[in-house]
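Trainee: Remember, my numbering sits 18 above the position in the sequence shown when you count from 1.
My structure is below; once you've seen it, I'll send some questions.
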Amino acid sequence: MVRVPVSEAAAESRTFIWAALLALGACAVTIVSGTLAAVTYTDSEPWLRAARLTLQQLRPVHETFAFAWVFLGGVAIVYFYLHRAFGPPSAAMQRRTVWQIVLWTVAGVGILVTLLSGRFTGREYLGYHPAFSILILTGWLLFAWNFFEQSGISLANRPAYIYMWSIAIPLFVITYLEGHLYLFDVVSGRPVRDIAIQWKANGTLVGSFNLLAYGSLMYVSGQIRGDESYAHSRTAFALLFVGVLNTFTNYGHHTYHLPQTAWIHWISFVVSMLETIILAKVFLDLLILLRTASEAKAHRVSQWFIRSATLWTFGMTALAIALAVPPLNALIHGTHVVVAHSMGSMLGIDSMILWAALAYGLEAVLGSQHPVVRGRRVRLAVPLLNVCLLVFLLSYLASGAAAGWARYVGPSAPDFSWLVMVFPSVMVLSGIALATSVLWIVAQWMAALWSALGPTDRAAAAATRV
């Protein structure tokens, strides 16, 4: 298939391209800031401090743009669906989309600059100045307007991914506002209430972008197969139901230390386990269906990422069980085990899903024979990414388990000093290898998308920056 410039052949694809560029840009910032944050654990930390980069600055950048990456990746796939299902956008929708992209770009640059300059709120996932939240929320409302104007509000006989997106989009608005309740003294002045609301809001935000990612997986898998029957299946709607329920209950994993009743923690545990088990079944079902699809061979990169996400889902399920059981949670909470679970879920599940979905979108825009979605280097990067991620997470798990056991046993604990000495080196080396493999893919995809825009769009973008 010969690639044709998007500006000449498919103007409606420009929205997907711009959203994908923002998503991949956020992904790149996440990886780079995370790698630099890992270096702060080593003897090279003074070099970063000399460059005025500390863990206190890099951590909020890392987690803020990690959230942005997943949300923006989901938004890109939603726009891809809208243009495939309903055709070119209207002039009004194009204007709203331009404003949405501009608002989010300004917010992203502003957040990056202010966080690196040391101006942050100290909040989890909302560490940037609330002024940027206004830009983000306004852009999201424009996105919601675009989605519901074209897709409609009726859900009768619609596939599961439409339900997921239709719930995730307004849910983000509600939860994002809830996360900013700390701005009121009635919340910030009461620590227990503040922590409970903060983790409740953060847990629901995670649930919101999970629904965006799950919907993207369902949609792209159906497109590859040429059959959406699975998106109407009982299993798909079971994942929808439990995913929505878990959105409102998963915060209980982070509030064991608060004076709450035990039934809150048990509901959180049971619902989370149900979601991960159903998600694992969905992955297995889709893999089986994709293997029998006649068009599957034309989408190898997407399949590789889906297969990787399947394996990581099972691994993170086992770790989630350990984190959700109260006695084990008391042993390992606050250690690197929790960090391993968070990064493993973000990279191994959500990111793998979005890379699979974006790879499908790139094939549609650039052509299935384009090197960035079919080349030998991409085929090598995916398994390398998985191996590096495995070593990276194992280093965190070993360090966290040792710290938790030493804290539990006390002075009689075994000597884990050798592990403390080895951990930074293993973590940083595997992290750099992981970052290199991810950035290799992301950089190629961004360059290909940028070239697909055409000179007119690139000139407009340059004028906007000026």
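We put the beta carbon where it would ideally sit given N, CA and C, even for glycine.
#1: Counting pairs of beta carbons, one from the region 402-422 and one from the region 354-374, are three or more of them closer than 8 Å?
#2: With DSSP collapsed to three states, give me the class of residue 388.
#3: To the nearest angstrom, how far is the alpha carbon of residue 371 from that of residue 139?
#4: Within the same chain, show all residues whose beta-carbon is closer than 6 Å to that of residue 461, passing over the 5 residues directly before and after it, in chain order.
#5: Report the rounded CA-to-CA distance for residue 201 versus residue 195, giving the unit in angstroms.
#6: Going by Cα to Cα distance, which pick from 103, 306, 280, 285 is closest to residue 168?
#7: Taking DSSP as the reference, what is the three-state secondary structure of residue 171?
#8: Do you know how far the Cα of residue 94 is from the Cα of residue 318?
#9: Counting Cβ pairs closer than 8 Å, one from the region 446-460 and one from the region 41-52, do we hit at least three?
#10: Go ahead and pull the three-state DSSP assignment for residue 368.
#11: Enumerate, from N- to C-terminal direction, the unbroken alpha helix (DSSP H) stretches of 4 or more residues contained entirely within the region 198-270.
#12: Look at the alpha carbon of residue 33 and the alpha carbon of residue 398, and state the distance between them as a whole number of angstroms.
#13: Output the distance between the C-alpha atoms of residue 146 and residue 172, rounded to the nearest integer angstrom.
#14: Check each candidate in 431, 152, 258 and name the one with the smallest Cα separation from residue 494.
#15: Which residues in the same chain as residue 121 place their Cβ atom closer than 7 Å to its Cβ, once the five residues preceding and following it in sequence are excluded?
#16: Spatial neighbours of residue 75 within its chain, please: CB distance less than 7 Å, with the 5 preceding and 5 following residues excluded, ordered by chain position.
#17: So what does DSSP say about residue 128, is it helix, strand or coil?
#18: Any idea what DSSP makes of residue 431, helix, strand or coil?
#19: Have a look at residue 206 and residue 81 and give me their C-alpha separation to the nearest angstrom.
#20: Report the rounded CA-to-CA distance for residue 230 versus residue 435, giving the unit in angstroms.
#21: Roughly how many angstroms lie between the CA atoms of residue 279 and residue 165, to the nearest whole one?
#22: Pick out whichever of 96, 263, 405 has its Cα sitting closest to the Cα of residue 238.
#23: Indicate whether residue 249 and residue 320 have their beta-carbon atoms separated by less than 8 Å.
#24: Quick check on residue 407: does DSSP put it in helix, strand or coil?
#25: Which same chain residues end up closer than 8 Å to residue 54 when comparing Cβ atoms and leaving out the 5 residues on each side of it in sequence?
#26: What do you reckon, are the CB atoms on residue 343 and residue 292 nearer than 8 Å?
#27: Need the endpoints of the alpha helix (DSSP H) that residue 83 sits in, please.
#28: Which whole-angstrom value is the C-beta distance of residue 118 and residue 161, which I expect to be below 8 Å?
#29: Counting C-beta neighbours from all protein chains within 10 Å, is the total for residue 338 16 or more, i.e. buried, or is it exposed?
#30: Is it true that the CB of residue 428 sits closer than 8 Å to the CB of residue 350?
#31: Rounded to a whole number of angstroms, what is the C-alpha to C-alpha distance between residue 345 and residue 432?
#32: In angstroms with no decimal places, state the Cα-to-Cα distance between residue 396 and residue 186.
#33: For a test of the three-state rule: what should DSSP assign to residue 137, helix, strand or coil?
#34: May I ask which residues mark the beginning and end of the alpha helix (DSSP H) holding residue 64?
#35: Determine the DSSP secondary structure at residue 108, reduced to helix, strand or coil.
#36: Would a C-beta distance cut-off of 8 Å place residue 59 and residue 446 closer than the cut-off?
Mentor: Quick look at the numbers:
#1: yes
#2: coil
#3: 31 Å
#4: none
#5: 10 Å
#6: 103
#7: coil
#8: 20 Å
#9: yes
#10: helix
#11: 203-206, 209-243, 252-267
#12: 30 Å
#13: 36 Å
#14: No statement about residue 494 is possible, as the shown extent of the chain runs from 19 to 484 and does not include it.
#15: 153, 156, 157
#16: 133, 134, 136
#17: helix
#18: coil
#19: 22 Å
#20: 43 Å
#21: 40 Å
#22: 96
#23: no
#24: helix
#25: 66, 71, 76
#26: no
#27: 73-104
#28: 6 Å
#29: buried
#30: no
#31: 21 Å
#32: 31 Å
#33: coil
#34: 63-68
#35: coil
#36: yes
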